[in-house]
Structures are given as C-alpha cells and as structure tokens.
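**Student:** Structure in structure tokens, see below.
There are 2 protein chains.
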Amino acid sequence: MGVSVDLSIGEVAERSGLSVHALRFYEREGLFANPVRRLSNGRRVYHEEDLGWLALCTKLRSSGMSLAAIRQYVELARQGAGNEPQRLELLREHEKHVEQQLSELQECLDVIRYKVRVYEDHLARGEADQLWSPPIQAPSQSNEDCHRAP
Amino acid sequence: MGVSVDLSIGEVAERSGLSVHALRFYEREGLFANPVRRLSNGRRVYHEEDLGWLALCTKLRSSGMSLAAIRQYVELARQGAGNEPQRLELLREHEKHVEQQLSELQECLDVIRYKVRVYEDHLARGEADQLWSPPIQAPSQSNEDCHRAP
DNA sequence: TATTGAGCTAGAGCCCACTCTAGCTTCTAC
DNA sequence: GTAGAAGCTAGAGTGGGCTCTAGCTCAATA
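Going line by line, the protein sequences match chains A and B.
Per this note's numbering, residue 4 is the first one in the first sequence, and the count goes up by one each step.
Per this note's numbering, residue 4 is the first one in the second sequence, and the count goes up by one each step.
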C-alpha cells in the first residue's frame, strides 16, 4: 500500500466523485469508517483507505442504501471485531433489496421494450393501423394493463 | 373490452396502487391520457382504460422517468396521430436510461456480493484472520477500491 | 503587499413527488 | 334526519440527500 499520502478534501472530492460539500456532510453524519483528522490549521486530511471506503459507500448509496443504513453498518465496523455477523446481516439484507430492485427494473424494461416494439411496428406499417388497439403480445401477465395505453 | 364501467377515485386508487391524493395530483399535473370527467356532483369518473395508462405510468415512474418526461409523452399522445416518431424517441431514450440503471445496479450487486463473501469467509475461518486485509478477488477492475473498506 | 484559491463553519435552501390538512359537500344506510 | 364514508379544493408540509451561501482564515504567488 505504500506510504499513506495525505489528501486534501479537494483531491478526495475529485477522486471519489463526491463534492466537497458531500464529504463534509458525510463526516457530520458519521459516515466515515475512520475519523477524519485535521491539520493544525483545521483542514481535513484524508488517506487512500478513505477512498476505498467512499467507493464502497458510493456503490451502497447508488443501489439505494440510505445514509442511515450505511451509518449503522459503519458504526458496527468502528466498534471493532466481534460484530461481523451483524455486519454481514446488513449486507445480506441490502443484497436482497438490490436483487428486488433489479427484477423490478427488468420488469419495467420489458414493458418499455414492448411499447417500443408496438410503436416500431406501427410506423413500419406506414401508420395504416391504429395505435393502441389490439396488442401483439404481453411481456407478462401482470403487465397486461399497459396494452391499452398510449 | 365490454361496456365502459364508471370507476370512482377510490376504486382507481385501490386498483392502481396509487393514492387518491396522487391521482388528483397527477390530474393537476396533466398526466392523464384522457381528460378526467366529472359527475354532476363534481366527483371524478374514471374508466378501465385509465387503469391501463396508470399501469404504464407506474412502470415508467418506478423506472425513474420523471413526471415532466411522462407529461411530455402524454402531451404528444393527446395531440393525436402524426407524432409517433417523437413518442417512440422518448420511449427509446428512457429504454436506454433503464438499461444504464440496470447495469449500474448489477455492478453494485457484484460489489455487495463480493463483500458478503469476504465476511462469510472470515466467519467460516473462525475469525482467526483479520478482516479487510488482503482481498480474495475483485469483482471488477473499477471496483478495486472497495477492497480496503470495512 | 495584495490577490487568488482552497478550506473552514453554521445554517439556509432546494428538488421532487407526493402526502396531509382544513373545511366543506354529497351520498348511503339506518 | 342523522351518522359516517367518500369526495371536493386549495394549499401547506415532508423527507432525503445533498447544494449553496455568507463570512471568515490561511498559504502561496506576483
């Protein structure tokens, strides 16, 4: 890992993709795995490992984990060894949640693709037919309703 | 399609999964494909086809299409035949957007599963090893950073 | 020495998509 | 004729996750 290089908030912002505002906000919210140290002049100092944590954080966030849930996880981690089963539990919970999201999103995509196909067919036929009359075929049972919509 | 049965806002709420508040809100926002008619006493009347549209709407919404974008689409539809290419374009745009979301979400899931595996291995080994030291194997290049996080 | 740029804090503001409230009317059942 | 359920409008409130602002300090450069 080499020597731990000091990083400024600006550098961390650039490399993590988070804004300096967000970084300060995350700190206030107790979302850092390691406490953020300061220079004698009050400026924040970060290290490479913070970037690792922020990368994970960002994945958790963008898959819909709330800051509150992330805080819960990081607080366990900060307490040190011994609570790994709880941390694992939180991760597994979120894993399920993401799987759920994926399948819902896939269902949406099926409906959208169906719709796209209806419009494509309509246009290919030279607009000689009426749109949103008899459907070609449903993507699934539960999405039937979408047939009779614009 | 049978005779068009009149539906109250309560019935539509129950069958669409949207709240009565949301239905009134959608109407104000111009999100209905057909104008919502009223009984002589001022109450809203809906029909089966509105449920079809709301089902599609709900899919679009839950895949991240904004109400503004839905309005754009529905406004084209209300203008009648002739603008199908534009409607198709909007749908294709959203289709791309959803595909993007799916792949991002899948990437997140890969990271989370990796993390779960690390904790599982750790616990299986009887906690004799240190957590978040040498990683087993990365799920992908760009997620490397996540290794060195709790 | 003056300016510029980066950083600091506390706190206000924003956006979206609803959700809820207040105060009123109308329908249905008993 | 009275209670209760359902509906109506206008408008206020909510929540999460930032984002932005004001007013300040500090360090490096011209």
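Glycine included, C-beta positions come from ideal geometry on N, C-alpha and C.
#1: Compute the beta-carbon to beta-carbon distance between Val48 (chain A) and Leu108 (chain B), rounded to the nearest angstrom, for a pair I have assumed lies under 8 angstroms.
#2: Going straight from the alpha carbon of Asp113 (chain B) to that of Gln133 (chain A), what length do you get?
#3: Are Leu10 (chain A) and His50 (chain A) closer than 8 angstroms when you measure CB to CB?
#4: Once you ignore the five residues that flank Gln104 (chain A) on each side, which residues in its own chain have a CB closer than 8 angstroms to its CB?
#5: How would you write the range of the alpha helix (DSSP H) that Val23 (chain B) sits in, first residue to last?
#6: Considering Asp113 (chain A), what are the terminal residues of the alpha helix (DSSP H) in which it resides?
#7: At which residues does the alpha helix (DSSP H) containing Leu34 (chain A) begin and terminate?
#8: If I measure Cβ to Cβ from Leu34 (chain B) and keep anything under 8 angstroms in the same chain, skipping five residues before and after, which residues do I get?
#9: May I ask which residues mark the beginning and end of the alpha helix (DSSP H) holding Gln82 (chain B)?
#10: Going by C-alpha distance, which of A:His125, A:Ile12, A:Pro38 is nearest Ala84 (chain B)?
#11: Name, please, each residue of chain B whose Cβ falls closer than 8 angstroms to the Cβ of Ile115 (chain A).
#12: How long is the line joining the alpha carbons of Lys99 (chain B) and Leu63 (chain B), rounded to whole angstroms?
#13: Write down the C-beta distance between Cys149 (chain A) and Gly55 (chain B) rounded to the nearest angstrom, noting that I regard them as a contact closer than 8 angstroms.
#14: So for His150 (chain B), helix, strand or coil by DSSP?
#15: Tell me the DSSP secondary structure of Arg46 (chain A) in three-state form.
#16: Using a Cβ cut-off of 8 angstroms (strictly closer), state whether Glu123 (chain A) contacts chain B.
#17: Does any CB atom of chain B fall closer than 8 angstroms to the CB of Gln109 (chain A)?
#18: Does the beta-carbon of Ala3 (chain B) have 16 or more other beta-carbons within 10 angstroms, so that it is buried, or is it exposed?
#19: Which residue's Cα is closest to the Cα of His97 (chain A): B:Glu32, B:Tyr117, B:Val39?
#20: Hey, would you say Val119 (chain A) sits closer than 8 angstroms to Leu93 (chain B), going by beta carbons?
#21: So with CB distances below 8 angstroms, who are the chain A contacts of Gln104 (chain B)?
#22: How many Å lie between Val8 (chain B) and Gln82 (chain B) at the Cα?
#23: Return the residues of the stretch 14 to 48 of chain A that lie within a Cβ-Cβ distance of less than 8 angstroms from chain B, sorted by chain order.
#24: On the three-state DSSP scale, how would you describe Ser136 (chain A)?
#25: Here's a check: name, in chain order, each residue in its chain whose Cβ is nearer than 7 angstroms to the Cβ of Ala16 (chain B), leaving out the five neighbours to either side.
#26: Which term fits Pro153 (chain A), buried or exposed, when burial requires 16 or more other beta carbons within 10 angstroms of its beta carbon?
#27: Using only the alpha-carbon positions, how far apart do Ala58 (chain A) and Ala36 (chain A) sit?
**Tutor:** Straight from the coordinates:
#1: As a position in the first sequence, residue 48 (chain A) is number 45, starting the count at 1. As a position in the second sequence, residue 108 (chain B) is number 105, starting the count at 1. Contact flag wrong, Cβ pair sits at about 34 angstroms.
#2: Position 110 of the second sequence, counted from the start, is the residue given in the question as residue 113 (chain B). Position 130 of the first sequence, counted from the start, is the residue given in the question as residue 133 (chain A). Rounded to the nearest angstrom, the two C-alpha atoms are 44 angstroms apart.
#3: As a working mapping, residue 10 (chain A) is identified with position 7 in the first sequence. As a working mapping, residue 50 (chain A) is identified with position 47 in the first sequence. Result yes, Cβ atoms of Leu10 (chain A) and His50 (chain A) sit closer than 8 angstroms.
#4: Within the first sequence, numbered from 1, the residue matching residue 104 (chain A) stands at position 101. So the qualifying residues of the chain are Ser66, Gly67.
#5: The sequence position of residue 23 (chain B) within the second sequence is 20, counting from 1. Taken as a continuous stretch (DSSP letters only), the alpha helix (DSSP H) holding Val23 (chain B) covers 23 to 31.
#6: By 1-based counting over the first sequence, the position of residue 113 (chain A) is 110. Note, Asp113 (chain A): alpha helix (DSSP H), 87 to 127.
#7: For this step, residue 34 (chain A) is matched to residue 31 along the first sequence. If you look at Leu34 (chain A), you'll find it isn't in any alpha helix (DSSP H); DSSP assigns it neither H nor E.
#8: Translated into positions along the second sequence, residue 34 (chain B) becomes position 31. Correct list, in chain order: Cys60, Leu70, Ile73, Arg74, Val77.
#9: Here the question's residue 82 (chain B) lines up with position 79 in the second sequence. Annotation: the continuous alpha helix (DSSP H) that includes Gln82 (chain B) extends over 70 to 82.
#10: As a first step, residue 84 (chain B) must be located in the second sequence, where it is residue number 81. With distances taken between Cα atoms, Ala84 (chain B) lies closest to A:His125.
#11: The count along the first sequence starts at 1 and reaches residue 115 (chain A) at position 112. Chain B residues near Ile115 (chain A): Lys62, Leu63, Ser66, Leu94, His97, Glu98, Val101.
#12: In the second sequence, residue 99 (chain B) corresponds to position 96, counting from 1. In the second sequence, residue 63 (chain B) corresponds to position 60, counting from 1. Taking the Cα positions, Lys99 (chain B) is about 13 angstroms away from Leu63 (chain B).
#13: The sequence position of residue 149 (chain A) within the first sequence is 146, counting from 1. The sequence position of residue 55 (chain B) within the second sequence is 52, counting from 1. So it is a contact: roughly 6 angstroms between Cβ atoms.
#14: If you number the second sequence from 1, residue 150 (chain B) lands on position 147. In the structure shown, the three-state DSSP call for His150 (chain B) is helix.
#15: As a first step, residue 46 (chain A) is located in the first sequence; it is residue number 43 there, counting from the start. Correct three-state label for Arg46 (chain A): coil.
#16: To locate residue 123 (chain A), count along the first sequence from 1; it is residue 120. True, the Cβ-Cβ gap to chain B drops below 8 angstroms.
#17: The sequence position of residue 109 (chain A) within the first sequence is 106, counting from 1. Among the residues facing chain B, Gln109 (chain A) is included, as its CB has a counterpart in that chain under 8 angstroms away.
#18: Past the boundaries of the shown model lies residue 3 (chain B); chain B is included only from 4 to 153, so the question cannot be answered.
#19: Taking the first sequence and counting its residues from 1, the one referred to as residue 97 (chain A) is at position 94. The option with the nearest alpha carbon to His97 (chain A) is B:Tyr117.
#20: As a first step, residue 119 (chain A) must be located in the first sequence, where it is residue number 116. As a first step, residue 93 (chain B) must be located in the second sequence, where it is residue number 90. Result no, Cβ atoms of Val119 (chain A) and Leu93 (chain B) do not sit closer than 8 angstroms.
#21: Numbered from 1 along the second sequence, position 101 holds the residue referred to as residue 104 (chain B). Neighbours of Gln104 (chain B) in chain A, taken as residues at a C-beta separation under 8 angstroms, are given in chain order as Leu108.
#22: As a position in the second sequence, residue 8 (chain B) is number 5, starting the count at 1. As a position in the second sequence, residue 82 (chain B) is number 79, starting the count at 1. The alpha-carbon atoms of Val8 (chain B) and Gln82 (chain B) are separated by roughly 25 angstroms.
#23: Ala36
#24: As a working mapping, residue 136 (chain A) is identified with position 133 in the first sequence. Bear in mind that a pLDDT of 40 at Ser136 (chain A), under 50, signals an unreliable position, so the number given afterwards is only what the model happens to contain. Note: Ser136 (chain A) maps to coil in three-state DSSP.
#25: Within the second sequence, the letter at position 13 stands for residue 16 (chain B). Answer for Ala16 (chain B): Ser22, Val23, Leu26, listed in chain order.
#26: As a working note, residue 153 (chain A) is residue 150 in the first sequence. So Pro153 (chain A) counts as buried.
#27: To locate residue 58 (chain A), count along the first sequence from 1; it is residue 55. To locate residue 36 (chain A), count along the first sequence from 1; it is residue 33. Distance between the alpha carbons of Ala58 (chain A) and Ala36 (chain A): 12 angstroms.
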